[in-house]
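Quick note on numbering: the sequence shown equals residues 1 to 294 in full-length UniProt numbering.
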Amino acid sequence: MEALLLGAGLLLGAYVLVYYNLVKAPPCGGIGNLRGRTAVVTGISSCGRTREAFNLLLRVNHIGPFLLTHLLLPHLKACAPSRVVVVASAAHRRGRLDFKRLDRPVVGWRQELRAYADSKLANVLFARELATQLEGTGVTCYAAHPGPVNSELFLRHVPGWLRPLLRPLAWLVLRAPRGGAQTPLYCALQEGLEPLSGRYFANCHVEEVPPAARDDQAAHRLWEVSKRLAGLGPAEDAEPDEDPQPEDSGAPSSLSSPNPKEPTEPPNPQSSPDDLSKITHRIQAKVEPETQLS
Numbered sequence: 001m002e003a004l005l006l007g008a009g010l011l012l013g014a015y016v017l018v019y020y021n022l023v024k025a026p027p028c029g030g031i032g033n034l035r036g037r038t039a040v041v042t043g044i045s046s047c048g049r050t051r052e053a054f055n056l057l058l059r060v061n062h063i064g065p066f067l068l069t070h071l072l073l074p075h076l077k078a079c080a081p082s083r084v085v086v087v088a089s090a091a092h093r094r095g096r097l098d099f100k101r102l103d104r105p106v107v108g109w110r111q112e113l114r115a116y117a118d119s120k121l122a123n124v125l126f127a128r129e130l131a132t133q134l135e136g137t138g139v140t141c142y143a144a145h146p147g148p149v150n151s152e153l154f155l156r157h158v159p160g161w162l163r164p165l166l167r168p169l170a171w172l173v174l175r176a177p178r179g180g181a182q183t184p185l186y187c188a189l190q191e192g193l194e195p196l197s198g199r200y201f202a203n204c205h206v207e208e209v210p211p212a213a214r215d216d217q218a219a220h221r222l223w224e225v226s227k228r229l230a231g232l233g234p235a236e237d238a239e240p241d242e243d244p245q246p247e248d249s250g251a252p253s254s255l256s257s258p259n260p261k262e263p264t265e266p267p268n269p270q271s272s273p274d275d276l277s278k279i280t281h282r283i284q285a286k287v288e289p290e291t292q293l294s
């Protein structure tokens with residue numbers, strides 16, 4: 001029985017190894033080169049805590065690439081045709097953006113997993129809205145899923161005593177970095193992808209995304225909120241800090257008076273007769289209705 005279980009485990013490991021590294025991550029054929037193009041690949045990932053009260057996963061995974069892209073946009077437009085490739089993840093399918101809690105800090109591994117999925121949904125929506133904003137400029141953009149990759153990011157936050165146990169498992173079930181780089185390279189180099197700007201790619205092919213990742217209204221709202229969080233400007237849906245005081249319809253107000261300074265300021269002695277006649281005419285126009293009512 002033990003030999004049977006051992007054999008089944010070895011077969012399963014071999015199957016997973018072949019599946020993820022050969023079947024699910026084939027080298028993308030027909031990839032060109034960067035000659036005559038400019039491509040920017042933005043993909044970073046982080047987890048942890050900071051002293052500041054904000055969502056670190058969202059800031060690093062989405063706001064960072066968002067800001068970098070905006071800083072490079074003038075150069076990308078100047079050297080068009082150019083491309084922006086946002087490294088997303090299949091985890092975006094589990095994401096859900098709650099704009100009321102978007103930048104609140106997360107505590108606990110469950111909230112971190114959820115925040116990671118939310119940040120990857122933000123990546124996909126960012127690529128979609130960026131394609132709309134850059135239409136006609138010669139700059140196109142794509143969201144690319146590299147797949148599960150066996151890199152240092154996988155074991156960075158794992159306790160040291162657990163790493164020797166996970167390294168063989170990671171080698172079996174995760175792709176090599178070369179395989180994970182195929183789809184981002186495909187989006188950066190493949191000829192003829194311009195009509196697919198804003199779409200999501202996995203395994204060197206376009207894939208349909210769930211309705212939450214196709215919501216243009218949410219994508220635009222995320223764009224405006226991201227501008228505020230990145231320090232590029234206020235968001236449209238953000239409530240202003242300083243609102244003007246509401247006008248009181250029953251009391252006179254300088255905001256509601258078309259010429260607030262006329263009753264208090266005497267005419268300038270150096271004014272021309274024409275200017276004086278215009279001012280006198282406006283004052284008479286205000287006084288006449290009152291005399292008629294009396």
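Just so you know, even glycine gets a beta-carbon here, dropped at the ideal spot from N, CA and C.
GLY7 counts as exposed, since fewer than 16 other beta carbons sit within 10 angstroms of its beta carbon. Where GLU207 is concerned, the enclosing beta strand (DSSP E) starts and stops at 205 to 207. Annotated three-state conformation of SER82 is strand, per DSSP. With fewer than 16 other beta carbons inside 10 angstroms of its own, CYS79 counts as exposed. If only complete runs of 3 or more residues are kept, the stretch 193 to 231 shows the beta strand (DSSP E) at 200 to 202 and 205 to 207, in order along the chain.
Annotation: GLN190 to LEU4 spans about 46 angstroms, alpha carbon to alpha carbon. In the structure shown, the three-state DSSP call for THR140 is strand. Between SER119 and LEU58, the C-beta gap is smaller than 8 angstroms, which places the two residues in contact.
The alpha carbon of ASN203 has as its nearest neighbour, out of GLY13, LEU56 and SER89, the alpha carbon of SER89. Counting along the chain, the unbroken alpha helix (DSSP H) around PHE126 starts and ends at 109 to 133. About 6 angstroms separates the beta carbons of HIS70 and LEU232, which is inside the 8 angstroms limit, making them a contact pair. Under the criterion of beta carbons closer than 8 angstroms, VAL149 and ASN123 do not qualify as touching, at roughly 16 angstroms. Here DSSP, grouped into helix, strand and coil, assigns VAL87 to strand. ASN61 and LYS77 have their C-alpha atoms spaced approximately 24 angstroms apart. Taking C-beta separations shorter than 7 angstroms and ignoring five residues to either side along the sequence, the partners of ALA115 in its chain run ASN55, LEU57, LEU58 and VAL106, following chain order.
Of all alpha-carbon atoms in LEU153, ALA14, ARG167 and VAL139, the one lying nearest the alpha-carbon of ALA188 is that of VAL139. Around the beta carbon of THR183, a 10 Å sphere encloses 16 or more other beta carbons of the protein chains shown; the residue is thus reported as buried.
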